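Residue numbering for the sequence shown is 1 to 438, as defined by the numbering used here.
All C-beta atoms in this analysis are idealised placements derived from N, C-alpha and C, irrespective of residue type, glycine included.
Note that the structure is a prediction, hence the values are computed from the model and not measured.
Written out below as structure tokens is the structure these notes cover.
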Amino acid sequence: MSNVIILGAQWGDEGKGKIVDLFSDRFDMVVRYQGGHNAGHTVRIGEKTFVLKLIPSGILRPGKRAVIGNGLVIDPAALLKEIDTLEAAGVDVRGQLTISNRAHVIFPFHRIMERLSEARPGKVSIGTTSRGIGPSYEDKVARRGIRIADLLDGDLFAPLFNGLAEDKATIAEAFGIHEPMDVEATRAAYEGFANRIRPMVRDTGRQINDAIRRGESVMFEGAQGTMLDIDHGTYPFVTSSSAAAGGACTGSGVPPTRIDGVIGVSKAYITRVGGGPFPTEARDAAGDEIRRIGNEFGAVTGRPRRCGWFDAPLLRYTAEVNGFDSIIVTKLDVLDHLAEIPVCVGYRSGGVEVTEMPATTKGIEAIEPVYKRVPGWLTPTSGIGAFEELPEKAKSYLKFLESKTGVEVGCVSTGPERNQTMVLPGSRLEQLLGNGRV
Ligand code: GDP
Ligand code: IMO
Ligand code: MG
């Protein structure tokens with residue numbers, strides 16, 4: 001078995017939760033490496049639906065070890081709520097989960113800071129999830145953040161917290177936000193949170209590397225998607241962490257030499273939540289129809305997702321950034337109703353071919369997608385679990401995506417359930433994840 005990174009190839013919500021849950025039984029450990037409770041990873045198991053935010057989707061497999069790595073920002077109240085929900089559903093979270101002592105902590109004042117940048121007149125709104133993610137990462141990079149290890153140390157925590165809270169109150173006042181912050185009560189609440197999470201906290205970098213040395217296999221679960229990566233995404237309309245494959249190493253403490261493969265998850269079309277440029281957005285009835293059939297509403301905020309057509313140049317870009325060995329195409333069934341499916345095969349701008357992903361919003365907004373219309377299959381694929389059972393035109397659609405992206409399609413998903421998935425025989429993905437029909 002190998003150590004594999006599975007991450008989003010587009011702007012998030014590609015179906016990572018389903019895929020990670022599905023394949024996690026082939027690994028000994030599942031590790032989240034970045035983000036926070038801005039993520040919403042949906043897993044459907046029979047009648048039950050779980051939406052995982054901070055905890056790796058592997059937790060739903062009994063006995064599987066799940067790790068929250070150092071690259072995350074953790075709101076302890078949100079984490080404990082998620083733990084309680086899972087435990088009420090019978091999951092042995094305390095027995096399976098460990099939390100990095102180097103992850104950073106989100107405080108209520110981070111959400112206030114987020115309002116400063118998101119809701120201030122004249123400022124461009126990113127359309128964030130309002131979870132305090134960005135401001136917590138800002139404190140991390142500014143070297144004034146508070147980490148889980150600090151939270152657990154009775155001597156260190158109070159002075160660090162008081163200092164940071166005072167800074168934030170001063171900034172909020174200066175910008176005209178007169179929101180009372182009960183510093184004493186918040187500190188006491190966080191000391192209470194610390195006692196609850198303490199038994200799960202450890203040096204997870206050491207834990208994962210020890211497991212790898214013993215010959216165990218690790219799956220790294222990305223949150224968000226490559227186009228939301230702080231460096232490689234559509235900056236500034238991105239999240240504040242390294243969602244791309246490189247983040248798996250910095251966000252877990254595992255060296256690049258231990259990674260055997262990288263798998264991208266992509267919808268058969270594309271969506272994005274929040275603001276920012278989106279070359280293949282379908283702002284018409286066809287886009288609305290995909291939203292309705294694909295139930296494209298945010299798992300965390302409930303916001304309608306913007307929908308559009310598969311963007312091959314974008315996927316070529318994310319494949320380059322991540323080094324995809326293979327991609328998993330999800331939600332193929334959502335396209336069943338279409339007689340013709342537009343696929344963006346190239347970018348032009350001002351009549352000239354664009355061969356690089358533009359670095360500015362202005363540059364991406366200027367893109368004129370070049371579409372090729374591929375015949376649809378007009379047959380239900382929902383629930384199909386074997387490639388040979390797919391309609392010929394659906395197979396051709398997948399082959400077309402493969403040829404235009406230059407990346408193998410190693411797995412296809414046709415529904416939210418575990419068995420509504422097929423691994424393509426002989427694929428690199430099959431080699432990386434082990435054989436067998438799912
Ligand atoms: P994630 O953030 O990447 O884990 O994705 P989300 O959970 O936010 O959104 C994906 C949604 O699509 C969830 O509601 C899944 O249950 C659902 N889903 C996943 N794969 C498929 C599929 O192949 N077909 C359909 N119809 N739904 C799917
Ligand atoms: P999963 O893991 C889709 C988007 C937000 C916003 C931008 C910044 O479920 O794929 P943030 O709160 O992170 O500062 O918001 O990033 N965003 C996501 N979009 N799926 C996600 O997670 C997202 N997490 C953040 O909508 O545009
Ligand atoms: Mg999601």
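- In this chain, M227 is not harboured by any alpha helix (DSSP H), its DSSP state being neither H nor E.
- Residue state for L160 is assigned as helix, using DSSP reduced to three classes.
- Here V265 is near G8, since their CB atoms are less than 7 Å apart.
- One Cα belongs to T85, the other to Q96, and the distance between them is close to 15 Å.
- By DSSP's assignment, M29 forms a beta bridge with R65, V218.
- No heavy atom of the ligand GDP is found nearer than 6 Å to the CB of D92.
- CA-to-CA, the gap between T257 and E173 works out to about 48 Å.
- DSSP places V407 in no alpha helix (DSSP H); its state is neither H nor E.
- The distance from the Cβ of L80 to that of F193 is about 6 Å, consistent with a contact at the 8 Å cut-off.
- Checking the 6 Å criterion, the Cβ of S413 is within range of a heavy atom belonging to the ligand GDP.
- Secondary-structure assignment with DSSP links I6 through a beta bridge to E221, I263.
- In this structure, G233 is the residue among P199, G233, I208 with its C-alpha nearest to the C-alpha of A359.
- A check of alpha carbon separations from V254 across Q420, I59, I208, G426 identifies I208 as the nearest.
- Less than 7 Å divides the Cβ of A394 from the Cβ of T381.
- In this structure, A244 sits near T226, with a CB-CB distance shorter than 7 Å.
- Within a 10 Å sphere around the beta-carbon of K362 sit fewer than 16 other beta-carbons, which makes this residue exposed.
- When DSSP states are grouped into helix, strand and coil, R115 belongs to the helix group.
- Apart from the 5 residues on each side of it in sequence, F220 sits with its Cβ closer than 6 Å to the Cβ of I5, V31, Y33, A248 in its chain, given in chain order.
- The straight-line gap separating the alpha-carbon atoms of R143 and G323 is approximately 31 Å.
- Per the DSSP secondary-structure output, L72 pairs in a beta bridge with G35.
- A distance below 8 Å between beta-carbons, with the five flanking residues on each side excluded, links F387 to the following residues of its chain, in chain order: K395, V412, M422, L424, P425.
- Looking at S2, L429, L432, the one whose alpha-carbon comes closest to that of R213 is S2.
- Within the model, the alpha-carbon separation for G410 versus A268 is close to 13 Å.
- Under the DSSP assignment, V93 falls in the alpha helix (DSSP H) whose first and last residues are 93 to 96.
- Within the segment 170 to 216, the runs of alpha helix (DSSP H) at least 4 residues long that lie entirely inside it are, in chain order, 183 to 197, 204 to 213.
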